[in-house]
Every structure is written in structure tokens, then in C-alpha cells.
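Below you'll find the structure, written out as C-alpha cells, and then a few comments.
Protein chains: 4
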Amino acid sequence: MNIDACLEELNPKLIHWRRTFHAFPETGWTEYVTTYRIYEQLQALGLTVYTGTDVVETSARMGVPSDQELYASEKRASEAGVPEEFLNKVAGGHTGVVAVLKTGKPGPHIACRFDIDALPIEESDTYDHVPAEKEFASSLPGSMHACAHDGHTAIGLGVATWLAKNRDELTGTYTLLFQPAEEGSRGAKAMVEKGWLDDVDVFLGGHIGIEDLTVGQVAATTEQFLATTKFDVHFKGTAAHAGKRPEQGKNALLAAAACAQHLHAIAPHSQGATRLNIGTLHAGTGRNIVPDQATLTGETRGETNELNDYVFQEAERIIHGSASLYGVEAEMKVVGKGTSAVCDPEFTRMLEQASIRTAAITEVLPVLSLGASEDVTHMMNRIQARGGKSTYMIFGTPLPAGHHHPRFDYDEGVLKTGAAAFILLILECNQRGKQR
Amino acid sequence: MNIDACLEELNPKLIHWRRTFHAFPETGWTEYVTTYRIYEQLQALGLTVYTGTDVVETSARMGVPSDQELYASEKRASEAGVPEEFLNKVAGGHTGVVAVLKTGKPGPHIACRFDIDALPIEESDTYDHVPAEKEFASSLPGSMHACAHDGHTAIGLGVATWLAKNRDELTGTYTLLFQPAEEGSRGAKAMVEKGWLDDVDVFLGGHIGIEDLTVGQVAATTEQFLATTKFDVHFKGTAAHAGKRPEQGKNALLAAAACAQHLHAIAPHSQGATRLNIGTLHAGTGRNIVPDQATLTGETRGETNELNDYVFQEAERIIHGSASLYGVEAEMKVVGKGTSAVCDPEFTRMLEQASIRTAAITEVLPVLSLGASEDVTHMMNRIQARGGKSTYMIFGTPLPAGHHHPRFDYDEGVLKTGAAAFILLILECNQRGKQR
Amino acid sequence: MNIDACLEELNPKLIHWRRTFHAFPETGWTEYVTTYRIYEQLQALGLTVYTGTDVVETSARMGVPSDQELYASEKRASEAGVPEEFLNKVAGGHTGVVAVLKTGKPGPHIACRFDIDALPIEESDTYDHVPAEKEFASSLPGSMHACAHDGHTAIGLGVATWLAKNRDELTGTYTLLFQPAEEGSRGAKAMVEKGWLDDVDVFLGGHIGIEDLTVGQVAATTEQFLATTKFDVHFKGTAAHAGKRPEQGKNALLAAAACAQHLHAIAPHSQGATRLNIGTLHAGTGRNIVPDQATLTGETRGETNELNDYVFQEAERIIHGSASLYGVEAEMKVVGKGTSAVCDPEFTRMLEQASIRTAAITEVLPVLSLGASEDVTHMMNRIQARGGKSTYMIFGTPLPAGHHHPRFDYDEGVLKTGAAAFILLILECNQRGKQR
Amino acid sequence: MNIDACLEELNPKLIHWRRTFHAFPETGWTEYVTTYRIYEQLQALGLTVYTGTDVVETSARMGVPSDQELYASEKRASEAGVPEEFLNKVAGGHTGVVAVLKTGKPGPHIACRFDIDALPIEESDTYDHVPAEKEFASSLPGSMHACAHDGHTAIGLGVATWLAKNRDELTGTYTLLFQPAEEGSRGAKAMVEKGWLDDVDVFLGGHIGIEDLTVGQVAATTEQFLATTKFDVHFKGTAAHAGKRPEQGKNALLAAAACAQHLHAIAPHSQGATRLNIGTLHAGTGRNIVPDQATLTGETRGETNELNDYVFQEAERIIHGSASLYGVEAEMKVVGKGTSAVCDPEFTRMLEQASIRTAAITEVLPVLSLGASEDVTHMMNRIQARGGKSTYMIFGTPLPAGHHHPRFDYDEGVLKTGAAAFILLILECNQRGKQR
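Residue numbers (our numbering), protein chains in the order written: chain A, 155 to 590; chain B, 155 to 590; chain C, 155 to 590; chain D, 155 to 590.
Set out below in C-alpha cells:
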């Protein structure tokens, strides 16, 4: 099997898919068009494909948008050509796709995960931003694929294409998870709870970018997955005319402001890095009214689950203390949760050996630091808990701007490298399965 | 001239107008439909009527909404039946109407002011809220006449109707000002700067409500107009990934939170009451991004202009100090300004004497406290500066809920009382003019 | 009786006393030397004199200093020549003197109050400060008579001297209260609770200064006594090495800082002026230790008792909220309390009539505003509650610097005026008693 | 040379010295009695001994106490028996001792450093605290050897005793530095600037405790020396009567409170651990006076000099921003500075080899983390900059309570181990010198 020939054939498709998804960036749990396109593509390949409540556990989804927002997205999907029948399956924020290929031959059960959602960021339209220049920038105002999930999805379809084409030569079972709502650590748990990872032997995931590298460099494993908790807080006070009856107000804006301030003063921890961010604060209704409503969204992180728990527990106390400062009520809701995870080190050796078969991988780095959160950890931990092995790779590319930046972009050559890494590890696992 | 007979005839119209305006509440500088309806009505009465740039000085308007918001309101007005030709006159936030009646006979120049704008408040739809029960509640989501300007406008049309009908028996000149954008103290100055108050001898204004009183009680004058400055602040920082590069962020949310906190700690003043309110705060774009943008809207007030200046000057320093705490930039914009004012006391005597002619006024109170801001003060001060006399009345009514509250409402009997007070003071001034 | 002749004779003594007390300023509940000197002087005049637990109710004293501080002051008093026997009577912070003169003839019971304590302020030693120039400045580092209580005490002794000399011509009963610990509103209640004011008909008090006036001007009554509550807060957290174990600390300093911040943001009240001040904050033990202790001292005030209660209740909630922000414990202790009070207006007429008998009073002002707190209000209220009449005068003088300032001083001519006002009202009350 | 025999002989002295120093704990730059005792001891051993301006560069000392505090300490030293002649040499905060031994034979120049100052902590007097039970607890209220410098000094005298006794068998030159004012990172630089480390080949330092270990465990090298900057901030505002003229105050207490709050919210850094602590805050003079003075003491730290600089630069901006919030002035003074440092790894091997010669060292750990600041780094860096080698050891002992805790204590067996480690590395260096 000549890998590089396959990749060359695949490459134009990878780029086409990436640009298509890039131009239609849908945020978590509203990936209706994205889900439909993936589903159609995978079905055309002859794989067994699932979506809707078959792929995500309704109650395990976190941070699902409001009914209004879901409805607007469904309307948009309908206008974009998604058939009503399909929409009925995925409506109410049941996005994501799982494709399964059973070879019928004994062999390992390998799962690969690709995340598909976009970010609520307005994409740059300046000439020096390649998607703008080449006219595949976001067509949805306020949304953008600024974290490379467009590329991950493309790689996923590439891997699926290769699997379908080579099914006769493969052994074992393949589960491809196209996960919704990774941003905010909201979606992985809902797939895990549905049981998709329960009897998997090998788990493969990966991310484009992270560090400013060269196309061809691949980290076989990743460390420093920050455990994280995402939360919303709502403060409810009492409105009053700020000029005539200031003493009758219970000021929710000041409670939220105090809360943000004191949350950011949580002491660091001697056992490792922690983070807290209040990302948004919205309060008040009018200039001359004592504000009676305030909402903030935030997150805690820690190098380990324990460190994240430390920050989160401090935060809980501070939130309620802030409310009592201003005599208002606080309600806190956890809307996302990512754990820490550890990659199995044997993948380094495996990828080093396999990479000689392709020109698309020029260097295998044993490990890189993520220094951020990724809810793929729920999947990795589930598999390892049952004796399987997990890794999460990083696919190098130069980065003109950081992740989550309006000018985030990457070298499309990385798509081929990413696909190569998945394919080669699949082959390596097949090989080892045979040797056993 | 039998006043009470006139008022009885007028009363159904007053109630009709009030409910019509109540059902279509337009906020400051977007009162396109309201302006059109007033204009049409006044023209039908045979008065000389002005609107658009004839009534407001473009550059003296404060707190004009964004072009997008104006455009949406113009579209809404067009759909509501306002002719294009009329819309062209008032487009771009040039709302408000002035009607003039010259009797041709020597006599005082009397100006009456009625404010016409609504508030960005969602009206209550519960059964115990009369406008909901009687089905004239707001048809515009998020907007409401919660400060009785619907009633003021109705009274204004009532006064105009009475003037038109009795023009032959009157002397002197009459200017009726239907002022836009009183909320936020944004509109009066733009009419003053246009010169409408420059040669006025007597100025009459008034407000429904304020205190919980009985219909029939009227305060002939008002005290404690709080001087006020309305301002917006925008903080601009630097976004960064909150997990991966926290040190690269410049946190605009925390700067705004600190700003709100420290503004509310401005020391009180020994010379009288002061107020500061930060009414809204909006910051950040995403949960996991160090927030680079924050906007707050607020106001200062003082019993005198000096007291308001004291608070405002403290605020200016604090705003810039807060920005420097977090290494961000702050931009402050004054978007409204009301001064303090003092009513001429002779109106108490005048109204006491005149009120015996009507059953609609049962008690004349010499003075009531406003304890709030009203940009009518710009008009009052202009007239007094040129030797004229000004007053601002308060028309009593029971109040089921405070001003600016979703269930604000009043007894419609107050409309007749308000119209009576204007008409009687006009007659009294005519009388005195003749005696001189 | 020639008043001015008496005053001339008294004048050198008034000045001598004032300077003697000025040079030895003792703060509240440590006025051992001051008490001894007053006691000796009054006894020499033949009055019945009380001190120690006879004049203050032990448990009703507020804000008594620590045992160490009391002990150091007692030692200082002993070294300054106060006999052990006397010290035994007043030890443990039982300072203050009451002198009683019963004429045996029917007549009103008149009480006069003079406060005797100093402030914890370092006196100026610059040449332009008269006490420094004339060498009677404070001999006790860190303490100063910066609120004229030295003068009040001198006036009290002057009144006593005059009473003793004229006892045969007077009627009724006289109680002179030399009150300790007025600063911090700590002492008056302890005298009231001892019952000294229970059957008094007329109460007279007064203050030197307040406004920048001329010697000879006297306000017969005073308004705007701010109700006040004085409180201490102690925050107790957990120390930790700030570098090695930051997460183990519970930061009392930050809790206290947050508390001060949020207390100063209590909303103003529409019904009148309120105040809050955190005057001192002391926290922490070492630069590199998470601070586990913090203490703040503060006060609330209000134009009425209700307004003071509003602020105090807000403060209580905020103090506990601040503690919970940082996971520390807060303990709050009320250490002083002054109520509001209202002078009986008839004293204006009385003083106007009486003042024609002296050159020492050149103008009687009906009323001046205190705009501050004075625990004399406890006495005034007690007397009025039982049907008596109370006033509190203000004795005019130019003021080179404000009260509580290191260069506070006054024209010593005011001493004669103050004594005159007390004496004349006493005579007036005697006269009225006879007329009845 | 039988090391363990030497140590047995030395042991009673080590314990005696430790207890003597423990009972008389003097804080940085006031170690007059300590310096005198060390000086006398070293001179008796026949070493060349220096003190005063010979050992510290006057202008390079940081955080020198006020003249009053120095004066009081000098008086105390005089009363404790330090001769005037000696006091003249060290007066004004010129404490510390350097002893030099030149063998006259070629060999390496080895410097050993022992820090001698105590902490401003009140020692526990409970029975379960060994120094209290055995009656050698601090005799100076408010001061305590809670960081083992008493033991370091004892070990230093032990090493000196051994050197003196074995001088004929040794080669090279020995410089023993008894450094003042380590706490607050204030003293090391002043010795470095005096040139004592300029031609040293090998530098040895060490610390008792740090981790809870067993006596006999020694870390041959130390990592994670936090770079640190110690600073004081003084805020100067304007006092005013808090009730009568609140608007005239410029509140230094609130500026300091805001400063502490916002300093603790400095963002963490992705490149490593940082710390900030405000350890003390003292503000205000009286409960009812707007506070015009506030002082805070604090420190920044970072795993590297760059990280410490990041925090410090943020802090500088925040301090000035806080002042401008309240219209007060801020003055910041750096009073201590410690850099980061890296031990030379060869000492691990050396100590491992040498430790077989003694029972006092049972285990050599290659490296332990300090996780704190130590100004010994100035010395280590100076030597390495000139080609020499440096290490800093950690001597294990169980710890009943953490460093800087009122019940800090250690097993006195560690004194023998510490002395052994210094002596063995000295012998090892001698040996290597000969082999070269």
C-alpha cells in the first residue's frame, strides 16, 4: 500500500472539505449544516452512519444554547438546504456524527475523534488573511473556525475515505467520532455517556497548530491537558430609580464586578499551574436604573483535576460571598467540564517507526505541551479505564496568529500530514494485532 | 369661557391619544411614528408646524443611536405607514415637532413643552397591569412608555386643540414644543440651540406622577432638579487565550469592573445630595478569552450644578485610573447633560387663583421635589436668562408602580387635570398681559 | 449682679485652665490626670463632687481601651502626681467628674455638660501654631486637644466657680457633668445610665468652634446632630508562606481591603445625608506571610437615627460578605453610638433676651448646623423624654485649621463668651422659675 | 581524620550555640549581639575576623530599619554587654562577620555562607514547643528564630572550629561569611558588593528544613530559587473630617486597599510560577478622619528573573493606577531583591562519594526544590560568573510546623549533619585540588 500516493489523491479533497467547512462555521450544538454534510459524505462511502440522539446522550450535553438560538440555527440550516427529515433527527442540539466500519476480521477496535464546531469570533476580512484573500472566509457573521476544527473535520473525512477504500485489507473495527461542541468542553462527555468508547482498544485524536512549527513535524503524544470547569453565574438584585430611590436597589452589576475582581485574586497553588478567567460580563438595563441583573461566564483550569478543583471550590465561595456583599442572589451553573489526561507513551515509538513510510511526516516529536483544555480527555480516560490505549497528536504548521484570533490560519499542507499520522497509526495497530 | 365644558369634550380624545402613543413607544431620536402622528394632528388644527432639522440642531443632539439602530427604526416607521417624504425630513434622528400659533394681537409669548420619547423597558403583560388588560400595551418588544410621556404628548395635543379652537379670544404668541429624547437628558438642548426659546416670556412644563398623589392635586412649581451628566466609557485591552497565554491579555472586563466599583465609592459631599450610577456593563467575547472590550454607561447627579461637577470630575479621574490598573485604554464620552433649575415662585399664586375655575384641580401644592433629572431645565434656564419666567408642574395621580418600572401606570383622569393646568396658566398670563 | 465684672475676674483663670489641660491631653477613658485636676478644683470650691464608678456605669462605657493601655496611662498619672488613693477610685477607665450644688431653695434642676477628653493626633510644633509658640502645646506624644475640649473643661470650671460664688443668690439644683470619652461617642451613655440626668429640668451643653465665626457670636441651638455608630471589625484568617504555600493561606488583609472598598460603595439614601468612614486598617505581620489578621475601625452616620441604621445594616451584611470572599472569620464590635437629637427652640429667645446683659455675646444666632456626631445627644434625649428642655450652643471663634487637625486652635476670647452663655441661661432659668 | 569523632566532640557545642542564638533573636541589620558573639568566638579560634563596614557595603544594604529602630537595638545590645568599642564598629546597621583562614598552601578558595538574622514573629510559649519547654525560647518579645538561622550560625561556628583545628592539614583559603539580613533578601548583595566573593572557587551554602524529612537526609543541590523583589509603598492623601467634609479628603486607605486587591489579580504567566504577596497594610489615624496615610509592604516572586520582572512591572503600573483612583500620591521603594540561581550539578556526585565517611549523612538526594527566595543567589551567581562552582544544600529534619510559624522547630540532630556536609565537601574539594 503506497501511502503517499493515496495522500496525493486525497489532498485536493482535504483542501476542498476544509474550505467548505471554514466558510460555514457553526458553533457548538448548532452544527446542523456541518453534521448534515459529514453524514452525507460518510454514507456515500458506505460506512454505517449515526447522528442525533444515537450519538449524543441528551442529558449529558453541557452548555446547550437557548431554544431561541437553536431554533434560529435550525431555520438557517433549513434555508441552507438541510432536508426537514434530517433536521428532525438532529433538532434541539443533537449534532455530531459517528461512522462505524466493521471489517469482520479479528483485530483491534480503533476509534478516531475529530471535533467539528466553530467559535463565536468575527473573522478578519483583511487582505493578508488567506481565507479572506482566497474567498472562503466565514459566511456567518460572528462565527469563525479559529481553532482548526474545519481542518480536523477534513482530516476525518480523509481518514474515512481511506478506510472505505482499503476496507478489504484491514482487520478489526473502526469508529470515527465527529464530535460537536468541543469549545467550552461541552460535547465529548455526551458521546462517552452514549457508550461509543466502551469497548475500544486504541484511541487516536489530534490537533492542528498549538505551537508555531513546520509542516511535517508531528508530536506523537501531548501533555499538560488542563482540567477545566466552565460555569455561568447569574446575579439577581432589585432595580430602582438611581436618582430618586438609590437605597431601594440591590445592585447586581456591582456584585458581578466584585465577583470578577475577587475571583481573579484566588491564590496560586504550589503544586502547579492554575487559571481562572471571567470571559464575559453583561449587566444592567438602563443608565439611570440600579442594575438588577448581571450574568458572567467563566472557567477554571488546573494542571491536574485536583488543582482545577481547588480553584473551582474557591470560586464557589467567592461567588456567594459577592452576592451577599450587595444583598443579591447568585445562581451558578456548570456548563462544561474537561478532565486532565495522560497519553500512553508507546505511541511515540509506533509513530516513529511508521513515519518512514511517508514524506508527509518529516519529524516525530515525542511529546508537546497543550497548556489548554480539550474535552477529548473524557474519551481518553474512558478507554484507558477499560485497559485501552490513547494518544492525542499535534500536527505542526506555521501560525500567522494564535488560536481563537480573528486572523487564525494555517498551512493547508498540514491536512495531508494529519491524515498520514492517523492512517499510519491505524496500520501500525493492525500490524501489531497480527503479530500478537 | 367654560373650562370644564371644554375639558369634558377634550377628555375622550386625551385618552385615545394617550393609548395610541402608549401602544407604539419609540425611544429617543427614533420617535418617527410618534413625530408623524403629532405633526399630522397639529397641522389639521391649522397651526404652523415644524419638524426635522427645523426643530433640532443636529450637532447639539446628544446620545444619538447608531446608524444601524436609526435605520431599523426608519424602516419600521415606513412599514407603519409614515410616508417617505415625511421620513426624509426627520431621518437620521431629527425627530420632534414645534407648533406655533400667532394670534396677531399683542400679548405674551408663551411656550409649552411636552416630551414624547419612551424607555428601553419591556412592558409587563400581567393581567393586573391596566394597559395589558385593556389591550393598549406596547406593541414594540423591549420598549415602553414607563415615564408618562405618552400622557404628556396627549396633554400637548389637548392644549393645541384648545388653543386652535380659542385662537380668536387669545392674545400673543404660542409655541408648543414636542421634545424628543428627554430620557438620558439628550434632546432639550438641541431645541434650545435652535433658538425656539429665545424670545419667550413664559415657559410652562410639567410631569405626571412623581409622587403617589390623588388625581386633582397639582404642584405649581417643582424643586430639586438634579443636575446630571450622562456618560459612556469604553475600555479597550488586548485579547489572549486565557489558558495558554494569560500574561498577554490586557483585561478590559476587570478594568470596567474596578471602574464601577471605585466610581460607586466617590465620597459624598457636605453641601448636598449627589448620585452616581453605572447602569450597564457589557464586556468580553468568549468564556476562555481574556476580555479585550468593555463598555459601561452611567450618570452622575447633584442637587446643584457644582455638586454634579464634583462627582463628574472625580469620575473622570477614576475612569482613567481604572484603565491604568489593567494597562488598557479608556475612552469616555458625554452623551447627555441636564442642569439644575429653579422655578419662579409666582406661578403658585397664579395657579391657586386660576384653579377656582375648574373642578379638575382640587388642590394646588406650592412645590414638590423632583429628586431626579429633567432636561427641561435647559429650556427654563434659557428663558430666565433672558428675563422670562418658567415653571414646571407636577400632576398628581396614584402610582401602582414607580417610574421606569415594567408596571408603571397612572389614572387617566390626570390627563384632564394636566390639560386644565396648562390652559388655566395660559389664560392667567393673558389676563395679566391685558392688565399691564 | 454685674456679669461682665465676674467674667473679667474669671478670664485669667479660664485661660490658665485651658492651657493646663491643653498641655496634658488624655484620650477617652484615660483622662486620669485631667479627672484628678477637675476633681480637686471642684472640691476646693465647696461643691459635692463624685468620680469613678459613681459617675459612669461600668458596663455602659463603650470603646474602653485595652488593659495594657489603661495600665500605662495609670502609671503615667501616678508619675504625674495623682495620689494612689485617687487612682484606685478611677482605675480601669472610670474617669469623669460630677459636681452637684443644691441651693436648698425651690427652683429648677439645671445640668451642664463639659467634655474633657483629647484626640490621638500629633500636635503641630510649627511656629505659627499658637500653643507651640506660647509653649503650652501637648506634652504627650501622639495626643492633642484638637477639638476644644480643653476649652470646654475650662468653661466648666468657670461656671462652677461662678455658681459657688453666687450660691446664696441662686435657687434650685445644679449638676455639672465633666464627661469622659466624648470622641468616638463612648462616654455620655455611661453617665446617662448612672441616672445623673433622670430628674433634670434644663440641660445646657455647647461647643467651641464648628464654623469659622467671630468671637462673640453664639448659636443658641444646634441642628443636624448626625446619628452615628462606631465599630471595630477583626478578620481572622490563616497564615502561610506566601512563596511556598500560597494556597494554604486565608487572606485577612484582602478581606479587610474588600470590606473597606465595598462599605464605601453603600448607596446613598433619598431621605437624607449618610456617611461611612473606615478610618484605620491594620493587617498582616510580615512581607512574605499571607496575612492572617486584619483590624479596621470605622463609623456610620445619618441625619436621622433611621438613616444611620440603614447604613449600619448594610455595613453588617457587607462585613460578613467580605469575610466569606476570602474564607476568613469576621467579628464586629460596636464601640460607640450617638443618636440624633433636636434642641428646644425656646432657648433662642432666652439667650437673645439674656445676652443684653453682657458684652461677651455680640450676636445670638438662632441655630447652626453641627453636621457631625456628639454623644451629648444621649443626655438631651433623656431629659426631653422626661419633659425637660435641652439645648446645645455653639460658641463662635475664628479657626486657623479645622477640628481634628494638627494645627487646630481658637481665639481664647471664646472662653469668656462660652462661660457667659452658660451663666446667662442659668440666670434666665432661675428668673423664669421665680415668675412661675 | 575521623570525621564522626570530630562531630561527636563538636555536637554539644553546636547545640549550645543554637540555643544561645535562639534565645536572642535579632532581626535584619540589628544583629548586634549576635554579631558580637560570632566575632568573639571566631577570634578566639585564631581566624582573621572582620565586621562593620569591612564586611558590608553601606550603600548596597537594602531595607535598613529606621534610625530609631537601630538606636533602640544598639541600646539593647549595650545593655546586653556588647562593649562600646565594638558597637561603634557595627553601629548604624553594619552587622555580619567574615572570617578568613589562609593555609598558605596552594589550593582552592572555598567560601561558606551562614545567615544569622531572625524574624519579627512572636514565638509560641506552649508546652509542646520544645524551645519553650526547654527554656531557650526567645527572650525578645516579637522576634523569633523561625527560619533556622540560629542553627545555620551554629553550624558555621562548628565549621570554623573544625577548620581552625585542622588548619595544618588543609590547603587553600577559606572564607566564612556570617551574613546579616537574609530575611527580606536584604543582606547578601551588600557582602557581594564588598568583593568577598570575587576570587572564590567553590561556594557552599545550605538550609535546615524546607521539606519534612528525616535527620540524615541531605540534598546536595537545590532548585527553584524564586527570584524576588521586596517593596514598600506609601500612599499620601489628604485628611478631612469624615462627617463634616468628606469631599475634602483624599483617601489613602482606599487607595491602598484597591492596590492590594488589584495586585493580587495580576494574571499568571504561561512560562512558570509567579507570586505576589502584600504582607502588611497600615492606614489611617482615627476612626472619624478620612485616612491620609497608608503603607503596604509586599513582594513579587518568579521561577526565573524574567517571571519576577513580569510581575514587578505589572505591580508598578497598578500601584500608580491605584493612587490615581483616589487622587493620592504613591511612593514605591524597592527594599530587597533576590535573583534566581542554578546549582552546579557536580556537587551531587561529590557529596555522594564523601558521605560514606560519616554516619551523620544517611542519604544524599540529588536535588530538592526550594520554592522560595534566598538572597544567597547573589553570591552563587557572582562566583559562577567568574568561573567558580556553587551549591546550596538542604539538611533534612522533621518539622513540627512550617517555616515562619510561631511553633517552627527542628530536631537538633540536623546540626551535626549540616556541619558534616560542609566539612566533607571542603575535604572533597581539597582532595580534588591535590589530584589536579
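Cβ coordinates follow ideal geometry from the N, Cα and C atoms, glycine included.
Three-state class that DSSP yields for residue i in the structure shown
i: A/Cys266; result: strand
i: A/Pro285; result: helix
i: A/Gln507; result: helix
i: D/Met298; result: strand
i: A/Lys243; result: helix
i: D/Asn156; result: coil
i: B/Asn431; result: strand
i: B/Tyr328; result: strand
i: A/Gly452; result: strand
i: B/Leu367; result: coil
i: C/Met216; result: coil
i: C/Gly261; result: coil
i: D/Leu358; result: strand
i: A/Lys384; result: strand
C-beta contact flag for residue i and residue j at 8 Å
i: D/Ala526; j: C/Gly397; result: yes
i: D/Thr285; j: D/Glu276; result: Sequence check: residue 285 of chain D is Pro here, not Thr. No, the pair does not count as a contact, with Cβ atoms beyond the cut-off.
i: A/Leu524; j: C/Ile472; result: no
i: C/His176; j: C/His299; result: yes
i: D/Pro400; j: C/Arg429; result: yes
i: B/Leu351; j: B/Ala265; result: yes
i: D/Val244; j: D/Tyr328; result: no
Own chain, CB closer than 8 Å to residue i, minus 5 neighbours either side, in chain order
i: B/Trp316; result: Cys160, Leu164, Ala573 and Ile577
i: C/Val488; result: Met216, Thr383, Lys384 and Phe385
heavy atom of the ligand GTP below 7 Å from residue i C-beta
i: B/Asp386; result: The ligand content of the structure shown is nil, which means the ligand GTP is not present either.
Neighbourhood of residue i by C-beta, 6 Å cutoff - its chain only, sequence neighbours within 5 removed
i: C/Glu453; result: Thr382, Lys384 and Asn431
i: B/His436; result: Thr449
i: D/His306; result: Phe268 and Asp269
i: D/Glu485; result: His388
Within 7 Å of chain D by C-beta, residues of the region 419-431 of chain B in sequence order: Ala419, Ala421, Pro422, His423 and Ser424
Selection of the region 406-417 of chain B by Cβ proximity to chain A, strictly under 7 Å: Leu407, Leu408, Ala411, Ala412, Ala414 and Gln415
Chain-ordered residues of the region 502-530 of chain C with a beta carbon less than 8 Å from chain B: Gly525
Proximal residues, the region 386-401 of chain D versus chain B, C-beta separation under 7 Å: Lys398, Arg399, Pro400 and Glu401
Segments assigned alpha helix (DSSP H), at least 4 residues, entirely inside the region 521-547 of chain D: 530-539
Residues within the region 469-496 of chain C neighbouring chain A, beta-carbon criterion of under 9 Å: The region 469-496 of chain C vs chain A, Cβ under 9 Å: Arg471, Ile472, His474, Gly475, Ser476, Ala477, Ser478, Leu479, Tyr480 and Gly481.
Against chain C: residues of the region 273-290 of chain D by CB proximity under 8 Å: Those residues of the region 273-290 of chain D that come within reach of chain C (Cβ to Cβ, closer than 8 Å) are Leu273, Pro274 and Ile275.
Chain B contacts made by the region 435-450 of chain A, where a contact means CB separation under 8 Å: Leu435, His436, Ala437, Gly438, Thr439, Gly440, Arg441, Asn442, Ile443, Val444, Pro445 and Ala448
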